[in-house]
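Sequential numbering from 3 applies to the sequence shown in my numbering. Think of the CB as a built atom: it goes at the ideal place given N, C-alpha and C, for glycine as much as any other residue. Heads up, the thing below is written out as structure tokens.
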Amino acid sequence: MVGRLNWAGVTALITGTSLVSACVTLPREEGPPPAPDYANVAGFVSDIRIVGFDTSSTLITEQSIRQILSASDGSLDFLALSGGGAGGSFGAGVLTGMTREGHRPRFEVVTGVSTGALIAPFAYLGPDWDDELREAFVGESAENILQNRGAGVFYSSSFFKGGPLDALVDAYVTDELIAAVAEEAETGRILMVATTNLDRQLTTYWDMGRIAKQKSPAARELFRDVLVASASVPGVFPPVMMDVEADGQLYQEMHVDGGASVPFFIGPEWLTLQTESLSDFKGANLYVLVNGQLQAPVSSTPVNTIQIVSKSFDTMMMFGARTALREYAVLSDTHDMNFKVAYIPPDLAFAGSLNFKTDERSRLYEYAQTCARRDLIWFRKDELTEALQNTNVLTEDLKEGFGIPKYCPTQIEESLQERERERMMDAAGQP
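What follows is the structure in structure tokens.
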């Protein structure tokens, strides 16, 4: 999950209860652990997912590449959506703002991780689903998604209850949505979501279109479970158990947040090494929508174990995303693709990935939508060097929950000129 996760409160509780809960192990139904990497979800064909670095998968083949190309409307567009918890309202605002601006692509491939996985079906289905997208990420139903277990945390797998997240996802994964995804998948377009198989410590890539095309209650249930699993931050929400089978043996796999293993993705891990497979995508547009920050405001770190661990974790996740960006920037250069990135800027007060207050989510959404409508949200590859320079924005100068920056993310020069004017005015006012 990219962005400030505000782990301090969660870490405090985990630290404070570790001595009590260290010996508590919840019962788990399983066959001989772990399930083989070729195990199939019970009742489904094998080609609905890729487990880890499986180059034998049929998901990405010459045939599927031809399908992607045949689905093109003249412009080949890929969209990768990162995690970020409540920061997903930023991504929702970007997409609806692109709709209003009038140049939102019909993405041939949409991928999602964590909160990005929850955005992905709406991004895939296009502007006709913007109302549902906004309601899911700005509506009041998400405000109570974090329900503390209280004393029950000692005997559970997570700090917060899983029911509210399950209910939120279930409300939007309707039969109508499944049918719409299945219809688009028939055209050759691809919708993929990542979870982390915690037993094998591998990323699992799910072809949501192939799941939807089964058009059965089981398909809807699996579709929903994959989305919930991808958004289930370990320790924050409970893991999702997947029933699988291999060689006549039944197993259970434990799946958690896709962001635990990959910040975002364009395709399965090994695809970036298959240079011949990507040669057909020359001129394609790669969009990476980061629902978090790639630069953090500057703040003094207290000499406190919890604060140090929390901030270190945030830093690790943020730079994991930046490393992945560099990888895809090189990939796009190699194959003559266009590369664009949007992320929450450091001068936009971000209360953290676990702050689901409606006014906070609305503020992120409105800012992103406004800037996207003005086409001032996406950084081109050649602009990233300047955009990711060290920031001097101080946390103490940001009033969380109040206001938005005067300038949009790509208005770098205007913002720098404004700050220089303010600096000179401050200097002139000194005795």
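List the endpoints of the continuous beta strand (DSSP E) containing residue i.
i    : result
F162 : Per DSSP, F162 belongs to no beta strand (DSSP E) and is neither H nor E.
G192 : First, the residue type needs correcting, since residue 192 is Ile and not Gly in the sequence shown. I192 to N199 is the extent of the beta strand (DSSP E) around I192.
D209 : L204 to D209
E247 : V242 to A248
T114 : For the sequence presented, residue 114 should be read as Gly rather than Thr. It spans V111 to V115 - the beta strand (DSSP E) in which G114 sits, taken as one unbroken run.
Report the rounded CA-to-CA distance for residue i versus residue j, giving the unit in angstroms.
i    : j    : result
G285 : I67  : 15 Å
I414 : I379 : 11 Å
K217 : R106 : 28 Å
G90  : Y40  : 32 Å
G54  : V115 : 15 Å
H257 : Q203 : 9 Å
Q294 : Q251 : In the sequence on display, residue 294 carries Gly and not Gln. Roughly 41 Å separates the two Cα atoms.
T336 : Y330 : 10 Å
A88  : N306 : 26 Å
A248 : N42  : 6 Å
D168 : R363 : 20 Å
D259 : V171 : 14 Å
E271 : E420 : 42 Å
I192 : M210 : 8 Å
I406 : Y253 : 49 Å
M427 : N287 : 43 Å
A353 : T189 : 40 Å
S77  : A144 : 35 Å
G33  : A182 : Since pLDDT at G33 reaches only 46, below the 50 mark, its modelled position is unreliable, and the value read off the structure follows with that caveat. Cα-Cα distance, rounded: 36 Å.
P299 : K215 : 45 Å
F1   : G165 : Here the chain has residues from 3 to 433 only, and residue 1 is not among them.
V264 : A119 : 12 Å
N340 : Y289 : 8 Å
E255 : A233 : 16 Å
Is it buried or exposed, residue i, if we count other Cβ atoms within 10 angstroms and call 16 or more buried?
i    : result
K342 : buried
L396 : exposed
A430 : exposed
I310 : exposed
K408 : exposed
P123 : buried
G104 : exposed
N146 : exposed
D316 : buried
F267 : buried
T113 : buried
F434 : One cannot answer for residue 434 here, as it falls past the ends of the chain, which runs 3 to 433.
M194 : buried
M318 : exposed
E223 : exposed
Is DSSP giving residue i helix, strand or coil here?
i    : result
M339 : coil
Q1   : No statement about residue 1 is possible, as the shown extent of the chain runs from 3 to 433 and does not include it.
I79  : Strictly speaking, residue 79 in this sequence is Asp, with Ile absent from that position. D79: strand per DSSP, three-state reduction.
E145 : coil
I346 : strand
Q1   : Limits of the chain in this structure are 3 at one end and 433 at the other, which puts residue 1 out of reach.
Q371 : helix
R51  : strand
L356 : coil
R289 : The sequence shown places Tyr at residue 289, rather than the Arg named in the question. Of the three classes helix, strand and coil, the one that applies to Y289 here is strand, per DSSP.
F46  : coil
G294 : strand
D56  : coil
D377 : coil
P123 : helix
R108 : coil
S20  : Only weak support is given to the placement of S20: the predicted model assigns it a pLDDT of 44, under 50, and the value that follows is read from those uncertain coordinates. S20 falls in the helix class under three-state DSSP.
F264 : Per the sequence shown, the amino acid found at residue 264 is Val instead of Phe. Note: V264 maps to coil in three-state DSSP.
V235 : coil
V300 : strand
L366 : helix
D259 : strand
L400 : coil
Residue range of the alpha helix (DSSP H) that residue i falls in?
i    : result
I268 : Taken as a continuous stretch (DSSP letters only), I268 belongs to no alpha helix (DSSP H), as it is neither H nor E.
V228 : P219 to S232
S91  : G90 to E103
R136 : D132 to V140
T387 : L386 to A389
G183 : Note that residue 183 is Val in the sequence shown here, rather than Gly. It spans D177 to A187 - the alpha helix (DSSP H) in which V183 sits, taken as one unbroken run.
Does residue i have its Cβ less than 7 Å from a Cβ in chain D?
i    : result
V230 : Protein chain content of the structure displayed is limited to a single chain, and chain D is not contained in it.
TODO: State whether the segment 89–100 contacts the segment 123–138, with contact taken as three or more CB pairs (one from each stretch) at a distance under 8 Å.
DONE: Yes, since at least three Cβ pairs between the segment 89–100 and the segment 123–138 fall closer than 8 Å, the two stretches touch.
- [ ] Evaluate contact between the segment 244–256 and the segment 185–202, counting only Cβ atoms and requiring at least three cross-stretch pairs below 8 Å.
- [x] Taking a cut-off of 8 Å on C-beta distances, the segment 244–256 touches the segment 185–202, as three or more cross pairs fall below it.
- [ ] Could you say if the segment 336–350 and the segment 217–229 meet the contact criterion of at least three C-beta pairs nearer than 8 Å?
- [x] They do not touch, by the three-pair rule.
TODO: Could you say if the segment 360–374 and the segment 325–341 meet the contact criterion of at least three C-beta pairs nearer than 8 Å?
DONE: Contact between the segment 360–374 and the segment 325–341 is absent, because fewer than three Cβ pairs lie under 8 Å.
Open item on the list: Does the structure place the segment 69–83 close enough to the segment 41–49 that three or more beta carbon pairs sit under 8 Å?
Closed with: Contact fails between the segment 41–49 and the segment 69–83, because fewer than three Cβ pairs, one in each stretch, are under 8 Å apart.
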